[in-house]
Structure formats: structure tokens, C-alpha cells
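Colleague:
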Amino acid sequence: MAQTNGFMDAAFAEALAAGERGEVPIGAVVVRDGQIIGRGGNETRAANDVTAHAEILAIRRAAAAVGDERLIEADLYVTLEPCTMCAAAISFARIRRLYYAARDIKGGAVESGVRFYAQPTCHHAPEVYSGIRETEASAMLRGFFEARREA
Ligand SMILES: [Zn+2]
113 MAQTNGFMDA
123 AFAEALAAGE
133 RGEVPIGAVV
143 VRDGQIIGRG
153 GNETRAANDV
163 TAHAEILAIR
173 RAAAAVGDER
183 LIEADLYVTL
193 EPCTMCAAAI
203 SFARIRRLYY
213 AARDIKGGAV
223 ESGVRFYAQP
233 TCHHAPEVYS
243 GIRETEASAM
253 LRGFFEARRE
263 A
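The sequence shown begins at 113 in the working numbering and counts up by one.
1. Considering just the uninterrupted stretch of the beta strand (DSSP E) at I217, what are its terminal residues?
2. Which value, in whole angstroms, describes the spacing of the CA atoms of R157 and E135?
3. From the DSSP output, read off the bridge partner residues of Y285.
4. Under the three-state reduction of DSSP, which class applies to L188: helix, strand or coil?
5. Would you say the beta carbon of E135 is closer than 8 Å to some non-hydrogen atom of ligand 1?
6. To the nearest whole angstrom, what separates the beta carbons of D187 and R208, a pair I think is in contact under 8 Å?
7. Could you pull the DSSP bridge partners for F142 from this structure?
8. Looking at E167: is its Cβ nearer than 9 Å to the Cβ of I217?
9. Given a threshold of 16 other Cβ atoms within 10 Å of its Cβ, counted over all protein chains shown, does N117 qualify as buried or as exposed?
10. As a quick exercise: from E193, A200, R260, pick the residue whose alpha carbon is nearest that of S250.
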């Protein structure tokens, strides 16, 4: 298992905060030189914006913080396998390493679905490390959706 130096904890904290706001509990952080330079939790409901996924928000904030659209030498930590949109954004931002917790068979695009980074049209693929605290991340999502069904 890959060492994540507590950065996955920070992504989980963003996911929990998103869940408390009534959003799908997914969180992400972007890290460069040992520092978190962008954070995000899902905000699609609050923002009425289907693109407001945790990874997109973390990338936007990191890019704004460093003043560069490309996040060379930066790593992204997220609690769930990125979707097609986020996998593309991670590629376009030139993220160096992608760490994610749970696999998303229904909506993921890294090892599931379109396998974005394996396509010839993908011009930058990050190194991928998956399965970090997978059980915990899956349980958090399952609990959220079960609670919504009961409500
Ligand atoms: Zn996404």
C-alpha cells in the first residue's frame, strides 16, 4: 500500500464536510512539495453545478493558488475513483500522481468504465495508486445513500 502521509486523511475530512452539507461525500486535495495547495468537497447541489466535483474544485483552487493552469509535480488525493470528467481534468492539469480510496465501478473512469488514461487520446497519464482506505470510503458513501433513501 502506498504511503500517503496523511493527505488521504485531508481528503476524507473534505468528504465528511461535504456529507454534512448534504452533498455526496467525496473529497479531494492537491499536494505539492509536501503542502496542500487546493482542497475540495463535492458542491454540485449548493452550486447547482454538475461540474462541481471534489477533484475539479481542488484543481481549480490549486491552480489559482499557484497561478498556473498546469500543476506540474503535484499529486491529487481523492476518496473515490474519479469519473470521466475528473480523470480528464487531472490529465489536463498534468497531475503527477493520483491516489484514490474506493473504486467506483458504476461511475469511475480510471480502472473502471472508459479507463481514460489507457486511451491513445490521453496525452498525460498520472501514476495511479488505488485502494487506500477503500473500505472506509465505500462505507461512508453507502451510509450517505442509505440515509437519503430512508429520508
Ligand atoms: Zn468527477
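Don't be surprised by glycine CBs; every beta carbon is placed ideally from N, CA and C.
Modeller: The answer reads as follows:
1. To locate residue 217, count along the sequence shown from 1; it is residue 105. Premise fails: I217 is in no beta strand (DSSP E) and is neither H nor E.
2. Along the sequence shown, one-based indexing puts residue 157 at 45. Along the sequence shown, one-based indexing puts residue 135 at 23. In a straight line, the C-alpha of R157 is about 6 Å away from that of E135.
3. Nothing can be reported for residue 285: it is not among the residues displayed for the chain, which extend from 113 to 263.
4. Taking the sequence shown and counting its residues from 1, the one referred to as residue 188 is at position 76. It is a strand residue.
5. Here residue 135 refers to the residue found at position 23 of the sequence shown. Answer for E135: no, Cβ out of range of ligand 1.
6. As a position in the sequence shown, residue 187 is number 75, starting the count at 1. As a position in the sequence shown, residue 208 is number 96, starting the count at 1. Correct: roughly 6 Å between the Cβ atoms.
7. As a position in the sequence shown, residue 142 is number 30, starting the count at 1. Sequence inspection shows Val at residue 142; the Phe mentioned does not correspond to that position. Per DSSP, G150, L188.
8. On the sequence shown, residue 167 is found 55 positions in, with the first residue counted as 1. On the sequence shown, residue 217 is found 105 positions in, with the first residue counted as 1. Result no, Cβ atoms of E167 and I217 do not sit closer than 9 Å.
9. Here the question's residue 117 lines up with position 5 in the sequence shown. Counting Cβ neighbours within 10 Å, N117 comes out exposed, since fewer than 16 surround it.
10. Within the sequence shown, numbered from 1, the residue matching residue 250 stands at position 138. Among E193, A200, R260, the Cα nearest to that of S250 belongs to E193.
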